[in-house]
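So the protein sequences, as listed, match chains A and B. With full-length UniProt numbering, the residue at position 174 of the first sequence is 174, and numbering never jumps. With full-length UniProt numbering, the residue at position 134 of the second sequence is 134, and numbering never jumps. Built from N, CA and C at the ideal position, the CB exists for glycine as well. Reviewing the structure listed below.
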Amino acid sequence: MNIPDKLGPEKLAKKPAPRPARSLRLKNTMVGWSFVTLASLLIGIFYFFPMVQALILSFQSGSGVNLSFVGFENYIRLFQDPVFLTTVKNTVIYLIIQVPVMILLALFLSVVLNNKTLKWKGFFRTAIFLPCVTSLVAYSVVFKYLFAPDGIVNMTLMKINLVSEPIQWLTDPFWAKITIILAITWRWTGYNMIFYLSALQNVDRSIYEAAKIDGASAIQQFFKITIPMLKPIILFTSITSTIGTLQLFDEVMNITAGGPGNATMTISQYIYNLSFKYTPDFGYAATVSYAIVILIVIFSIIQFKAAGDKK
Amino acid sequence: MKRIFALLFVGLLVLSACSSGSGSEADADTNDIKVWAWDPNFNIKAMELAKTAYQEENSELNIEIIENAQDDIIQKLNTSLSSGTTKGLPNIVLIEDYRAQSFLQSYPDMFYAVDDSISTDDFAKYKIPTTSFEGKQYGVPFDSGVAGLYIRTDYLEEAGYSKDDLQNADWEKVIEIGKAVKEATGKQMITQDPKDLGLLRMMIQSSGAWYLDEDGVTPDIADNDALKEAFRLYKEMIDADLVKPHSDWSQFIAAINNGDISMVPSGNWITPSIKAEASQSGKWAVAPFPKLPGIESVNASNLGGSSWYVLNVPGKEKAAEFLGQTFGADVDYYQQFVEEVGGLGTYQPAAEGEAYQAEDEFFGGQKILSDFAAWTEEIPQVNYGLHTYVIEDILANEIQKYLDGEDLDTVLENAQSLAEQQAK
């Protein structure tokens with residue numbers, strides 16, 4: 001955006017005639033601004049204006065259109081609201097269990113698939129990436145049927161005599177969380193794997209060769225070379241995954257509808273319920289939305305700090 | 001330079017195109033009436049019958065019926081009404097009774113009163129408090145959610161019981177029979193979604209109680225004897241392993257149609273789904289809804305049911321007129337509704353019609369419609385108020401704790417304080 005600005009004064013200053021330089025500089029600035037103006041205008045109207053509106057809304061409360069300003073009452077209510085706290089707890093549980101599992105799995109798969117001697121590489125890559133192109137709702141519905149009391153998962157487990165009676169995958173508070181974690185892991189592992197794969201392609205083979213000559217084992221190579229080389233990508237994927245998990249909605253809505261009780265409900269689903277399922281209180285729903293924003297900021301800062309980079 | 005200005009100009013055009021959509025004039029006198037409803041086999045069909053009946057005499061009115069899922073209707077209404085724009089909204093919309101007050105009170109000027117088009121005395125009394133607000137009648141009461149206990153007579157016979165044992169019975173009796181049937185056939189009694197407390201709602205309404213006080217706002221949970229009794233019975237059923245869990249509608253229907261359960265306590269609108277399994281013809285009957293034991297309670301209750309509402313948009317007078325002439329006056333229409341859809345209205349003059357006297361072979365020749373119509377009149381009137389679903393989510397969570405062994409009073413007191421916090 002500021003290329004014309006920067007190029008303008010420095011390069012043109014050396015030219016002898018000031019008049020044409022001035023007009024050229026003006027022209028360049030104009031071109032720059034004309035590009036920026038439109039984009040910033042659109043971003044302003046469609047991003048920042050609604051964000052500010054939502055912030056104002058979060059200080060209001062009432063049913064439907066009968067909103068009135070209540071100051072910080074919504075934010076106080078937030079910390080006394082056991083449903084909100086439960087949804088935060090659920091979301092954090094998904095986060096701290098699912099994200100590390102998925103990232104390790106994706107790392108492992110990408111290293112395996114990066115192996116030069118592996119046959120059918122293209123097929124495996126496609127197969128593992130394929131879940132990412134399925135629609136969230138469609139795969140959720142499929143998972144719901146797979147994990148139904150008489151679904152194929154229970155049938156298989158019972159046929160091979162691992163369990164004697166069907167596991168209540170969807171109606172037991174513990175197993176329902178497991179089902180959700182399994183579902184999102186299936187859906188997103190391939191997506192993260194692709195990032196690692198492409199990063200691995202850029203790692204110089206000779207580093208590994210040198211390590212091999214020095215007698216490093218495969219495990220040592222993985223932890224001492226692969227992981228450090230991929231660090232920026234791991235940071236990127238863990239932040240995007242964290243944000244994705246904090247905004248988790250479709251899967252829970254379709255697989256368990258938040259049940260049993262509130263055992264699998266996420267923050268986003270609570271926002272939906274406040275706006276559409278219950279008597280609508282858009283003000284409080286906006287407050288909960290801002291809680292997600294704050295959580296995302298906090299988690300991202302933690303991850304940057306943990307990664308310990310200047311980036 | 002020219003190009004830059006061209007670019008800016010295009011940008012401005014794009015922006016102005018975004019905003020120009022809202023400024024169109026209101027066409028006050030339109031003949032196009034749009035209707036939103038869900039369930040093609042029931043509500044949509046009912047509306048189509050009404051449309052055909054009305055257009056015979058009023059051919060100039062153009063009625064378009066649009067099917068939407070119920071959740072979609074709720075979302076679209078909420079987003080449009082809260083933004084204050086009525087563009088894109090229909091003239092007539094179907095709203096579930098449990099939710100009606102939430103809409104009427106949240107968007108006070110957005111609905112059109114239909115007092116001039118219908119007479120509230122013609123309809124089942126229990127429908128009126130939910131469909132009216134501040135003394136004005138907004139809803140045209142539509143289908144009855146009158147509840148019954150659907151039973152598998154063949155399973156009952158194996159355990160030595162018959163349908164007569166369930167006439168005017170209470171839940172203790174039902175559970176006793178359920179246990180015996182399970183002993184004899186191995187079939188559980190009912191199927192239940194742990195998140196959907198419809199069963200409890202039916203139980204408490206049979207004694208005239210609800211989650212809320214009569215004012216429709218104050219939560220009434222901790223000192224609600226009917227609710228306490230309903231919780232206790234629910235636990236008794238779970239503890240006796242009489243309840244088969246399901247987690248969605250299709251599993252619910254599958255449990256019925258596969259013959260996994262011996263009883264289905266539900267609203268009469270479940271009839272078509274039960275009859276869908278033709279091989280079970282003659283094996284079903286419908287008993288009156290069981291009473292709560294030891295509490296003042298009747299053998300009648302309600303589950304679901306909805307009503308038509310006219311939105312305050314151009315064409316409202318004609319829309320109200322249409323609803324009034326069909327759902328609010330036409331006895332013949334209700335006969336058709338019974339014959340072709342199998343649905344039960346709440347328009348009382350219609351209940352004397354011939355179609356209600358039909359015997360249903362699927363239910364062993366029982367006159368189920370006339371039975372349902374009789375029970376409809378006994379349904380205790382309660383004010384569903386604003387907060388049915390908030391409180392239900394709280395209870396669905398708390399009831400798990402109770403089932404896990406916590407003390408009933410503690411659980412309900414906890415639910416009460418949660419409800420007071422959330423429902424305001």
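| said: Using beta carbons (cut-off 7 Å, strictly below), is A:F276 in contact with chain B? | reply: Counting from one through the first sequence, the residue named residue 276 of chain A turns up at place 276. Yes, its Cβ sits closer than 7 Å to a Cβ of chain B.
| request: Determine which residues of the segment 396 to 415 of chain B have a Cβ less than 7 Å from any Cβ of chain A, and write them out in chain order. | output: Residues passing the 7 Å Cβ filter: A396, N397, Q400.
| query | For a contact meaning CB atoms closer than 9 Å, what does A:P50 contact in chain B? | reply | Taking the first residue of the first sequence as position 1, residue 50 of chain A is located at position 50. Chain B residues near A:P50: none, gap ~12 Å exceeds 9 Å.
| field | Sequence-distant residues of the same chain with beta carbon closer than 8 Å to A:T87, five excluded per side | value | The count along the first sequence starts at 1 and reaches residue 87 of chain A at position 87. Excluding positions up to five away in sequence, the list reads N262, M265, T266, I267, Q269, Y270.
| query | Which residues share a DSSP beta bridge with B:G267? | reply | Translated into positions along the second sequence, residue 267 of chain B becomes position 267. Beta-bridge pairing by DSSP links B:G267 to B:A147.
| field | Same chain only: Cβ atoms within 6 Å of B:D154, ignoring 5 sequence neighbours per side | value | Along the second sequence, one-based indexing puts residue 154 of chain B at 154. Same-chain partners within the cutoff: K283.
| query | Measuring CA to CA, which of A:L57, A:G190, A:S198 is closest to A:I233? | reply | As a working note, residue 233 of chain A is residue 233 in the first sequence. Ranking the options by Cα distance to A:I233, first place goes to A:S198.
| task | Within the same chain, show all residues whose beta-carbon is closer than 7 Å to that of A:G258, passing over the 5 residues directly before and after it, in chain order. | result | Within the first sequence, the letter at position 258 stands for residue 258 of chain A. For A:G258, the CB contacts under 7 Å within the same chain, skipping 5 residues up- and downstream, are V252, T264, M265, Q269 in chain order.
| Do you know how far the Cα of B:L412 is from the Cα of B:A398? | Counting from 1 along the second sequence, the entry for residue 398 of chain B is found at position 398. Counting from 1 along the second sequence, the entry for residue 412 of chain B is found at position 412. Strictly speaking, residue 398 of chain B in this sequence is Glu, with Ala absent from that position. One C-alpha to the other measures close to 8 Å.
| field | CB contact check: A:V65 to chain B, cutoff 7 Å | value | As a position in the first sequence, residue 65 of chain A is number 65, starting the count at 1. It does; some Cβ of chain B falls within 7 Å.
| field | Close-in-space but distant-in-sequence residues of the same chain around A:Y208 (CB under 7 Å, 5 per side omitted) | value | Locating residue 208 of chain A in the first sequence gives position 208, counting from the first residue. Taken in chain order, the residues that qualify are Q221, I225.
| query | Taking B:N383 as the reference, which of B:N312, B:T131, B:A300 has the closest Cα? | reply | Reading the second sequence from its first residue, position 383 is the one you call residue 383 of chain B. Out of B:N312, B:T131, B:A300, B:T131 has the C-alpha closest to the C-alpha of B:N383.
| query | For B:V338 versus B:A351, is the C-beta spacing smaller than 7 Å? | reply | To locate residue 338 of chain B, count along the second sequence from 1; it is residue 338. To locate residue 351 of chain B, count along the second sequence from 1; it is residue 351. Taking 7 Å as the cut-off, the beta carbon of B:V338 is found no closer than this to the beta carbon of B:A351.
| field | Proximal residues to residue 429 of chain B (C-beta, below 8 Å), its chain only, five neighbours per side dropped | value | Since the displayed chain B opens at 1 and closes at 424, residue 429 of chain B lies outside it and no answer follows.
| query | Per the contact definition of three or more C-beta pairs closer than 8 Å, is the segment 112 to 131 of chain A in contact with the segment 229 to 241 of chain B? | reply | Contact between the segment 229 to 241 of chain B and the segment 112 to 131 of chain A is absent: fewer than three C-beta pairs spanning the two stretches fall below 8 Å.
| query | Exposed or buried, A:I56, counting other C-beta atoms within 10 Å across all chains shown (16 or more means buried)? | reply | Translated into the one-based positions of the first sequence, residue 56 of chain A becomes position 56. Its Cβ having fewer than 16 others within 10 Å, A:I56 is exposed.
| query | For A:F84, which residues from the same chain have a beta carbon less than 6 Å from its beta carbon, with the 5 sequence-adjacent residues on both sides left out? | reply | For the purposes of this step, residue 84 of chain A is taken as residue 84 along the first sequence, with counting starting at 1. Sequence-distant Cβ neighbours of A:F84 in its own chain, meaning closer than 6 Å and more than five residues away, are L78.
| query | For B:I177 versus B:N91, is the C-beta distance shorter than 7 Å? | reply | Stepping through the second sequence from its first residue, residue 177 of chain B is reached at position 177. Stepping through the second sequence from its first residue, residue 91 of chain B is reached at position 91. In this structure, B:I177 sits away from B:N91, with a CB-CB distance that is not shorter than 7 Å.
| task | Could you say which of B:P380, B:T410, B:Y402, B:D332 lies nearest to B:P129 if we only look at CA atoms? | result | Start at 1 with the first residue of the second sequence, and residue 129 of chain B comes out as number 129. Considering only alpha carbons, the answer is B:P380.
| request: Note down the Cα distance separating B:P108 from B:I175, rounded to an integer number of angstroms. | output: Residue mapping note: residue 108 of chain B aligns to position 108 of the second sequence, counting from 1. Residue mapping note: residue 175 of chain B aligns to position 175 of the second sequence, counting from 1. Cα to Cα, B:P108 sits roughly 45 Å from B:I175.
| said: Under 7 Å, CB to CB, which of the residues in the segment 193 to 205 of chain B have a partner in chain A? | reply: Against chain A - using a Cβ distance shorter than 7 Å - the residues of the segment 193 to 205 of chain B are P194, K195.
| said: Can you confirm whether B:I74, when its beta carbon is compared against all beta carbons of chain A, has any partner nearer than 7 Å? | reply: Within the second sequence, residue 74 of chain B is the residue found at index 74, counting from 1. Yes, B:I74 counts as interfacial toward chain A.
| query | At what residues does the beta strand (DSSP E) containing B:V140 begin and finish? | reply | On the second sequence, residue 140 of chain B is found 140 positions in, with the first residue counted as 1. B:V140 -> beta strand (DSSP E) spans 139 to 141.
| For a contact meaning CB atoms closer than 8 Å, what does B:L386 contact in chain A? | The count along the second sequence starts at 1 and reaches residue 386 of chain B at position 386. The contacting residues are S63, T279.
| Any 3 or more C-beta pairs closer than 8 Å across the segment 240 to 255 of chain A and the segment 42 to 52 of chain B | The answer is no - the segment 42 to 52 of chain B does not touch the segment 240 to 255 of chain A, with fewer than three Cβ pairs under 8 Å.
| said: By the 8 Å beta-carbon criterion, what residues does the segment 362 to 393 of chain B contribute toward chain A? | reply: Only those residues of the segment 362 to 393 of chain B whose C-beta falls short of 8 Å from the nearest C-beta of chain A are listed: L386, H387, Y389, V390, D393.
| Minimum Cβ-Cβ distance from B:Y98 to chain A less than 7 Å | Working through the second sequence from its first residue, we reach residue 98 of chain B at position 98. So no, B:Y98 is outside the interface.
| Cβ shell of B:G342 (< 7 Å), same chain only, five flanking positions each side left out | As a working mapping, residue 342 of chain B is identified with position 342 in the second sequence. Result list for B:G342: T271, P272, in chain order.
| Can you check whether the CB of B:S117 is closer than 7 Å to the CB of B:G324? | Stepping through the second sequence from its first residue, residue 324 of chain B is reached at position 324. Stepping through the second sequence from its first residue, residue 117 of chain B is reached at position 117. Taking 7 Å as the cut-off, the Cβ atoms of B:G324 and B:S117 count as close.
| request: Kindly indicate which residue of B:A285, B:E60, B:E361 has the alpha-carbon position closest to the one of B:K163. | output: Reading the second sequence from its first residue, position 163 is the one you call residue 163 of chain B. Looking at the Cα atoms, B:A285 is the closest of the given residues.
| Check whether B:K195 and B:A396 have beta carbons under 7 Å apart | The count along the second sequence starts at 1 and reaches residue 195 of chain B at position 195. The count along the second sequence starts at 1 and reaches residue 396 of chain B at position 396. In this structure, B:K195 sits near B:A396, with a CB-CB distance shorter than 7 Å.
| request: Pull up the distance between the alpha-carbon of A:W188 and that of B:T191, whole angstroms please. | output: Here residue 188 of chain A refers to the residue found at position 188 when the first sequence is read from its first residue. Here residue 191 of chain B refers to the residue found at position 191 when the second sequence is read from its first residue. A:W188 and B:T191: Cα-Cα distance of roughly 34 Å.
| task | For B:T185, I'd like the list of residues in its chain whose CB is within less than 6 Å of its CB, leaving aside the five on either flank, ordered along the chain. | result | Taking the second sequence and counting its residues from 1, one reaches residue 185 of chain B at position 185. Cβ within range, chain order: Y155, E158.
| message | With three or more beta-carbon pairs closer than 8 Å as the criterion, would you say the segment 52 to 72 of chain A touches the segment 235 to 254 of chain A? | response | No, the segment 52 to 72 of chain A is not in contact with the segment 235 to 254 of chain A.
| message | Using a Cβ-Cβ cutoff of less than 8 Å, which residues in the same chain neighbour B:N31 once the five nearest sequence positions on both sides are dropped? | response | The sequence position of residue 31 of chain B within the second sequence is 31, counting from 1. Cβ contact annotation for B:N31 (same chain, cutoff 8 Å, sequence separation greater than five): E60, L61, N62, G315, K318, in chain order.
| Buried or exposed: A:F282, going by 16 or more other Cβ atoms within 10 Å of its Cβ? | Here residue 282 of chain A refers to the residue found at position 282 of the first sequence. With 16 or more other Cβ atoms within 10 Å, it is buried.
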